[in-house]
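Residue numbers (the numbering used here), protein chains in the order written: chain A, 36 to 150; chain B, 1330 to 1440.
Note that CB positions come from ideal geometry on N, CA and C, so glycine has one too.
Structure record follows, encoded as structure tokens.
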Amino acid sequence: KAGVTQTPRYLIKTRGQQVTLSCSPISGHRSVSWYQQTPGQGLQFLFEYFSETQRNKGNFPGRFSGRQFSNSRSEMNVSTLELGDSALYLCASSLVATRIPYGYTFGSGTRLTVV
Amino acid sequence: QKEVEQNSGPLSVPEGAIASLNCTYSDRGSQSFFWYRQYSGKSPELIMFIYSNGDKEDGRFTAQLNKASQYVSLLIRDSQPSDSATYLCAVTWDSSYKLIFGSGTRLLVRP
């Protein structure tokens, strides 16, 4: 069974540019979440999607956005990149079995460097 | 403000010993509790999740939850050098699928 797939693995962008990251969840998983991990702030929640709808959003500026497609694949976009956006961006998917989250499986992440 | 706190460590234990990792959280409305292991340069890997008060065992790992005292712990029996990693505690609230992570505890298992 394939895991959570994130592309690309590494990315270097210039300040002011925008970037789109992609995530394919485990087959059958309908909830997809995105997290940012930095040495200083740790793992921080960005947003969560289920059935193409954003259900939860973290405390990030509007430059961070995302979407989910009908096949549960998800993308996140960061516009007007800043140096502080350099981080590991992680996608996680979950099998929505009950109201209580069943568990989250993380992808390998996209390492974004803004120069 | 919902918070999850962990001692950053490092927690150093000899091979074969029991490693005890602790996590406290700020709000009694919490619902689900997760332990993740993260090796350097890798993504977090789910070890265990627990919803109810008490103990839950899976192989060498035991998660313990005490909602009245607002803490959750992870015990690793017969610790191995390969267990050396950062252990992240995560909590969800109010049936939300939003994970709030602690900063992690670094565990070092000495051969």
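I'd like to know whether the C-beta of L46/A is nearer than 8 Å to at least one C-beta of chain B.
Taking the first sequence and counting its residues from 1, one reaches residue 46/A at position 11. L46/A does not count as touching chain B.
State yes or no: is the beta carbon of S1432/B nearer than 8 Å to at least one beta carbon in chain A?
As a first step, residue 1432/B is located in the second sequence; it is residue number 103 there, counting from the start. So, interface residue.
From the DSSP output, read off the bridge partner residues of T140/A.
For this step, residue 140/A is matched to residue 105 along the first sequence. In the DSSP output, where bridge partners are listed per residue, T140/A has S128/A.
Mind listing the chain B neighbours of L130/A? Cutoff is C-beta to C-beta under 8 Å, in chain order.
Within the first sequence, the letter at position 95 stands for residue 130/A. Residues of chain B passing the Cβ test: none, with the nearest at roughly 11 Å.
Going by CA-CA distance only, name the one from A1346/B, T1415/B, E1374/B that's closest to G1338/B.
One-based indexing of the second sequence puts residue 1338/B at position 9. Nearest of A1346/B, T1415/B, E1374/B to G1338/B, Cα basis: T1415/B.
I need the straight-line Cα distance from V39/A to L125/A, nearest angstrom please.
Position 4 of the first sequence, counted from the first residue, corresponds to residue 39/A. Position 90 of the first sequence, counted from the first residue, corresponds to residue 125/A. If I take the Cα positions, the gap works out to 10 Å.
Please report whether the beta-carbon of P1373/B lies at a distance below 8 Å from any beta-carbon of chain A.
Counting from 1 along the second sequence, the entry for residue 1373/B is found at position 44. Closer than 8 Å: yes.
Cα separation between L81/A and Q71/A?
Within the first sequence, residue 81/A is the residue found at index 46, counting from 1. Within the first sequence, residue 71/A is the residue found at index 36, counting from 1. One C-alpha to the other measures close to 7 Å.
Going by DSSP, what residues sit across from P1343/B in a beta bridge?
In the second sequence, counting from the first residue as 1, residue 1343/B sits at position 14. The partner list for P1343/B (beta bridge, DSSP) reads R1439/B.
What does K1427/B touch in chain A if you count any residue whose Cβ is under 8 Å from its own?
As a first step, residue 1427/B must be located in the second sequence, where it is residue number 98. Here the neighbours are S68, F80, E83, N91, G93.
With 16 other CB atoms within 10 Å as the buried threshold, where does R1366/B fall?
Residue 1366/B sits at position 37 when you count from the first residue of the second sequence. Burial call: buried.
Which residue from T42/A, Q41/A, P43/A, I47/A puts its Cα closest to that of T148/A?
Position 113 of the first sequence, counted from the start, is the residue given in the question as residue 148/A. Nearest of T42/A, Q41/A, P43/A, I47/A to T148/A, Cα basis: I47/A.
Grouping DSSP H, G and I as helix and E and B as strand, with all else coil, what is S1411/B?
Numbered from its first residue, the second sequence carries residue 1411/B at position 82. Here S1411/B sits in helix by DSSP.
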